[in-house]
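In this note's numbering, the protein residues as written are 3 to 239. Note that CB positions come from ideal geometry on N, CA and C, so glycine has one too. Below is one structure, written out as structure tokens; comments come after it.
As structure tokens, then:
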């Protein structure tokens, strides 16, 4: 894991002597920038918001101490109007709050067409940070969530669609695997081998696994179906 660079801000957070942290909330910055850029920006005065960490390809910057309350997820009524996803957001409003969460902002880059994206290196660095916090504070995978889940804001924007979030969530929490089917693999509705057959995967093609059963013998695909991923049936890539 990258060494954490402290660039603490004096603004837009509430100091505490300690608090119970239940959630890790994932955001994206929404503009092309670096972690250091953001650290400097939030040190520069009242911005009306804050986050604990900013992450990019080369840096993890701490802007607010974990024991202190960042202003990151508290606002209500931020459903992005006109989005087909808006009605699915905000399911954890009132449960996850600024007071019981740590917020991590992933920094963005811009491609030749001007589209913002998050690099795999930034995702890897964010995953290292997330898993370190989970281990230290005993936060389970179900409590690693999106800003979208708290108040409906389309953040992190590239991962609002459920299947894309499942893949990112698996990467952040260390569950993600990529496998190649050694034969045609039956897809079933649940992890049980007796559950309903819902599809068939093609031999020789690669697939992403976002969750496994306790025995690590069955894996869930991003669309929800389950396949057998033991060495006999699948090659880990």
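Straight-line CA distance for residue 213 to residue 47?
Cα atoms of residue 213 and residue 47: separation of roughly 42 Å, rounded to the nearest angstrom.
Identity of the residue in 21, 226, 204, 190 nearest residue 167 by Cα:
Of 21, 226, 204, 190, the residue nearest in Cα terms is 226.
Return yes when the Cβ of residue 221 is within less than 9 Å of the Cβ of residue 242, no when it is not.
With the chain represented from 3 up to 239, any question about residue 242 goes unanswered, as that position is not in the structure.
Is residue 228 helix, strand or coil by DSSP?
strand
Consult DSSP for residue 190 and reduce its assignment to one of helix, strand or coil.
Three-state DSSP puts residue 190 in a strand.
Tell me which residue opens and which closes the beta strand (DSSP E) that residue 7 is part of.
It spans 6-8 - the beta strand (DSSP E) in which residue 7 sits, taken as one unbroken run.
For a test of the three-state rule: what should DSSP assign to residue 208, helix, strand or coil?
strand
Could you compute how far the alpha carbon of residue 219 sits from the alpha carbon of residue 211?
For residue 219 and residue 211, the distance between alpha carbons rounds to 12 Å.
In whole angstroms, what is the alpha-carbon distance linking residue 134 and residue 10?
20 Å
Give the single residue among 91, 112, 23, 95 whose Cα lies nearest to the Cα of residue 70.
23
Complete runs of the beta strand (DSSP E) confined to the segment 72-132 [at least 3 residues]:
103-112
Per DSSP, the bridge partner or partners of residue 141:
The partner list for residue 141 (beta bridge, DSSP) is empty, contrary to what the question assumes.
Sequence-distant residues of its chain with Cβ nearer than 8 Å to residue 265 (five each side left out)
Absent from the model: residue 265. The displayed extent of the chain is 3 to 239, so no value can be given.
For residue 174, name the three-state secondary structure that DSSP assigns.
helix
Classification of residue 3 by the beta-carbon crowding that lies within 10 angstroms, buried from 16 upward
By the 10 Å Cβ count, residue 3 comes out exposed.
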